[in-house]
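Enquirer: Once you've had a glance at the structure underneath, I'll fire off some questions.
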Amino acid sequence: MFSTRYVYVYTLILSAFAAISLAFFITIFKPLHDSNEAASKKKDILSSIAGELGQDPQLMSNEDVIKLFDEKVEQLVIDAKGNIIKDVSAEDISLATEEKKPLEERRYPLYIFKSKGSSIYLTAVRGNGLWDKIWGTIAIKDDMNTIVGASFGHQAETPGLGAEIKDNANFPKSFIGKEIFKDGEYVSVKVMKGASDPKHQVDAISGATITSVGVSEMMYKGLNSYVAYFNSIKNKG
Amino acid sequence: MAATQEVIKSEPIISFGKQEKKLIKDPLHINNPITVQILGVCSALAVTTMLKPALIMGIAVTLVTGFSNLVISLIRNTIPKQIRMIVQLVVIATLVTIVELVLKAYSFDVWKQLSVFIGLIITNCIVMGRLEAFAMANKPWPSFVDGIGNGLGYAWILIAIAGIRELFGRGALLGYKIIGPSEEFLINTSSTPLLSWYQPNGLMVLPASAMVIIAVIIWIQRSKEKSLVDIS
Numbered sequence: 002m003f004s005t006r007y008v009y010v011y012t013l014i015l016s017a018f019a020a021i022s023l024a025f026f027i028t029i030f031k032p033l034h035d036s037n038e039a040a041s042k043k044k045d046i047l048s049s050i051a052g053e054l055g056q057d058p059q060l061m062s063n064e065d066v067i068k069l070f071d072e073k074v075e076q077l078v079i080d081a082k083g084n085i086i087k088d089v090s091a092e093d094i095s096l097a098t099e100e101k102k103p104l105e106e107r108r109y110p111l112y113i114f115k116s117k118g119s120s121i122y123l124t125a126v127r128g129n130g131l132w133d134k135i136w137g138t139i140a141i142k143d144d145m146n147t148i149v150g151a152s153f154g155h156q157a158e159t160p161g162l163g164a165e166i167k168d169n170a171n172f173p174k175s176f177i178g179k180e181i182f183k184d185g186e187y188v189s190v191k192v193m194k195g196a197s198d199p200k201h202q203v204d205a206i207s208g209a210t211i212t213s214v215g216v217s218e219m220m221y222k223g224l225n226s227y228v229a230y231f232n233s234i235k236n237k238g
Numbered sequence: 044m045a046a047t048q049e050v051i052k053s054e055p056i057i058s059f060g061k062q063e064k065k066l067i068k069d070p071l072h073i074n075n076p077i078t079v080q081i082l083g084v085c086s087a088l089a090v091t092t093m094l095k096p097a098l099i100m101g102i103a104v105t106l107v108t109g110f111s112n113l114v115i116s117l118i119r120n121t122i123p124k125q126i127r128m129i130v131q132l133v134v135i136a137t138l139v140t141i142v143e144l145v146l147k148a149y150s151f152d153v154w155k156q157l158s159v160f161i162g163l164i165i166t167n168c169i170v171m172g173r174l175e176a177f178a179m180a181n182k183p184w185p186s187f188v189d190g191i192g193n194g195l196g197y198a199w200i201l202i203a204i205a206g207i208r209e210l211f212g213r214g215a216l217l218g219y220k221i222i223g224p225s226e227e228f229l230i231n232t233s234s235t236p237l238l239s240w241y242q243p244n245g246l247m248v249l250p251a252s253a254m255v256i257i258a259v260i261i262w263i264q265r266s267k268e269k270s271l272v273d274i275s
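Put into structure tokens, the structure is as follows:
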């Protein structure tokens with residue numbers, strides 16, 4: 002049997018040793034963690050225009066993604082009335098925090114990807130899936146109407162069913178070419194079984210009805226927040 | 044947790060003789076942590092929907108069992124018996140956190156997918172089970188080998204379950220489409236999949252199917268190895 006004093010000293014030394022070794026590992030990995038985290042969000046945003054970029058941003062190196070983002074992407078923050086809010090960077094806006102605020106105080110991030118003289122507007126949307134939150138980036142051409150790309154993410158949808166919104170590359174692809182306005186009126190894009198309207202509907206994922214309905218609702222509510230801004234741009238042009 | 048301690052006497056510090064071979068081989072089959080000791084089943088259900096996370100989880104657990112066995116065995120004679128479980132937990136938690144930091148640095152995608160489950164290795168019964176049953180009473184080298192063996196025993200079951208679930212639930216392996224209709228559920232495919240009439244089975248991606256597959260593996264194993272059958 003060991004004495005009580007031995008137990009105390011042993012515990013102290015062991016804890017100190019564990020703490021020091023963890024601190025050491027955290028310190029040496031910090032630069033890599035920071036660069037991964039910084040690039041991860043940019044990768045997710047740029048994934049929506051993988052088709053336009055001609056390559057999958059998820060497979061690009063952290064440095065390349067950050068460089069591309071810094072060079073070609075302009076960041077804006079808007080409110081629901083379509084006014085631009087100054088002195089805030091879009092990357093500092095988190096929809097998770099914004100959705101807790103009253104509607105009129107919410108701010109929305111908008112990324113404008115500029116290439117070859119044209120602009121692509123990357124909007125952020127967030128909604129509810131079956132188990133937890135789902136989110137996405139919807140890329141819209143500078144006619145403020147046609148979707149040129151989309152990417153989705155989720156917290157905890159069922160793999161093989163709801164998680165297909167992210168895992169199955171064909172689902173986000175099916176949004177390409179869809180239009181969010183019908184005769185000048187905002188209608189968004191519906192996710193439904195047996196989609197028939199080639200401009201405003203996409204096919205739902207079989208077996209994942211609630212996630213599909215969630216995406217549908219997220220698209221409608223999410224893009225609705227940008228409609229005022231889109232209209233102001235259209236009127237200007 | 045097993046109360047009996049298995050003591051192995053070996054002379055040289057590092058050798059790879061009969062005993063070490065047995066320490067690696069037994070957990071793969073007749074003393075498998077999942078199918079025989081029935082440890083770590085919870086994570087076997089959670090991370091086996093796809094092959095890639097299962098592979099990473101298998102590697103992570105193997106490293107943690109191996110090194111925690113090694114560390115505990117090195118300090119086994121200094122550990123006060125009153126607080127031995129706490130000491131074991133501190134060692135396991137430290138190693139698991141290091142594994143998580145390494146993953147976050149070098150495989151960020153997998154870290155995002157697995158971060159919750161990596162943390163849960165701390166509570167994985169296999170790790171503490173082996174510390175109590177083996178490392179507390181054996182020399183460092185056999186303990187390390189025993190840890191690696193048990194980690195591998197856990198890993199191969201995980202990989203087998205994940206392979207079956209991803210293949211029949213999604214028609215793919217490691218994200219590459221293998222069987223099923225080619226026009227839908229297309230994931231990173233370059234060639235035309237086989238058996239285009241096959242409809243992916245949604246049940247396979249639900250946790251319940253892992254339970255069924257483990258049961259089938261146990262069934263096959265016991266029908267081949269009669270000594271495992273519980274007569275009582």
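If you read the protein sequences in the order shown, they are chains Z and E.
To convert, take the position in the first sequence, counting from 1, and add 1; that gives the numbering used here.
To convert, take the position in the second sequence, counting from 1, and add 43; that gives the numbering used here.
We treat Cβ as the ideally placed atom computed from N, Cα and C, and that holds for glycine.
No experiment lies behind these values; they were computed from the predicted model shown.
(1) Could you check if E/T137 is buried or exposed, using at least 16 other CB atoms within 10 Å of its CB as the buried criterion?
(2) By Cβ distance, which residues of its chain are closer than 8 Å to E/L210, with the 5 residues on each side in sequence left out?
(3) To the nearest angstrom, report how far apart E/I81 and Z/E106 are at their CA atoms.
(4) Looking at the C-beta of E/T105, does it have a partner C-beta in chain Z at a distance below 8 Å?
(5) Per DSSP, Z/A125 forms a beta bridge with which residues?
(6) Determine contact between the segment 111-120 of chain Z and the segment 25-39 of chain Z, defined as no fewer than three beta-carbon pairs at a distance below 8 Å.
(7) Is it true that the CB of Z/S226 sits closer than 8 Å to the CB of Z/A97?
(8) Put E/F110 into one of helix, strand or coil per three-state DSSP.
(9) Express the C-alpha separation of E/I256 and Z/G178 in angstroms, rounding to a whole number.
(10) Mind pulling the chain E residues with CB within less than 8 Å of Z/I27?
(11) Check whether the Cβ atoms of E/V134 and E/V114 sit closer than 8 Å, and answer yes or no.
(12) Taking just the CA atoms, how far does Z/A229 sit from Z/Y187?
(13) Give the list of continuous alpha helix (DSSP H) stretches no shorter than 4 residues that lie fully inside the segment 32-65 of chain Z.
(14) According to DSSP, is E/A45 helix, strand or coil?
(15) Cβ of Z/F30 less than 8 Å from any chain E Cβ?
(16) Can you give me the start and stop residues for the beta strand (DSSP E) that Z/S175 sits inside?
(17) Using a Cβ-Cβ cutoff of 8 Å, what residues of the segment 75-98 of chain Z are near chain E? List them in chain order.
(18) Given a threshold of 16 other Cβ atoms within 10 Å of its Cβ, counted over all protein chains shown, does E/A258 qualify as buried or as exposed?
(19) E/P123 touches chain C at which residues, Cβ-Cβ below 7 Å?
(20) Closer than 9 Å, Cβ to Cβ, to anything on chain Z: give me those residues from the segment 142-173 of chain E, in chain order.
(21) Can you tell me whether Z/M145 is helix, strand or coil according to DSSP?
(22) Under 8 Å between beta-carbons, which chain Z residues line up against E/V133? List them in chain order, please.
Expert: Quick look at the numbers:
(1) By one-based count along the second sequence, residue 137 of chain E stands at place 94. Classification of E/T137: buried, given that the 10 Å Cβ count is 16 or more.
(2) Along the second sequence, read from residue 1 onward, the residue named residue 210 of chain E stands at position 167. Result list for E/L210: L216, I221 and I222, in chain order.
(3) Here residue 81 of chain E corresponds to residue number 38 of the second sequence, with the count starting at 1. Here residue 106 of chain Z corresponds to residue number 105 of the first sequence, with the count starting at 1. Whole-angstrom Cα-Cα distance: 54 Å.
(4) By 1-based counting over the second sequence, the position of residue 105 of chain E is 62. Answer no: the Cβ-Cβ gap between E/T105 and chain Z never drops below 8 Å.
(5) As a first step, residue 125 of chain Z must be located in the first sequence, where it is residue number 124. Z/A125 pairs with Z/T138.
(6) no
(7) Along the first sequence, one-based indexing puts residue 97 of chain Z at 96. Along the first sequence, one-based indexing puts residue 226 of chain Z at 225. Their beta carbons are not under 8 Å apart, which means Z/A97 does not touch Z/S226 by this criterion.
(8) For this step, residue 110 of chain E is matched to residue 67 along the second sequence. The answer is helix: DSSP assigns E/F110 an H, G or I state.
(9) Sequence index remark: in the first sequence, residue 178 of chain Z carries index 177 (1-based). Sequence index remark: in the second sequence, residue 256 of chain E carries index 213 (1-based). Computed Cα separation, rounded: 43 Å.
(10) One-based indexing of the first sequence puts residue 27 of chain Z at position 26. Neighbours of Z/I27 on chain E, chain order: L144.
(11) In the second sequence, counting from the first residue as 1, residue 134 of chain E sits at position 91. In the second sequence, counting from the first residue as 1, residue 114 of chain E sits at position 71. Cβ distance < 8 Å, so E/V134 and E/V114 count as in contact.
(12) On the first sequence, position 186 is the one that residue 187 of chain Z refers to. On the first sequence, position 228 is the one that residue 229 of chain Z refers to. C-alpha separation (whole angstroms): 10 Å.
(13) 51-54
(14) Your numbering for residue 45 of chain E matches position 2 in the second sequence. Residue confidence for E/A45 is low, a pLDDT of 46 falling below 50, so the modelled location carries little weight and cannot support an answer.
(15) Locating residue 30 of chain Z in the first sequence gives position 29, where the first residue counts as 1. Yes - at least one Cβ of chain E is within 8 Å of the one on Z/F30.
(16) The residue you call residue 175 of chain Z lines up with position 174 of the first sequence. Careful: Z/S175 lies outside any beta strand (DSSP E) and carries neither H nor E.
(17) none
(18) Numbered from its first residue, the second sequence carries residue 258 of chain E at position 215. Exposed, since its Cβ has fewer than 16 Cβ neighbours within 10 Å.
(19) Among the chains of the structure shown, chain C does not appear; the protein chains present are Z and E.
(20) L144, V145, K147, A148, Y149, F151, D152, W154 and K155
(21) The sequence position of residue 145 of chain Z within the first sequence is 144, counting from 1. Note: Z/M145 maps to coil in three-state DSSP.
(22) Taking the first residue of the second sequence as 1, we reach residue 133 of chain E at position 90. Here the neighbours are L15, S16 and A19.
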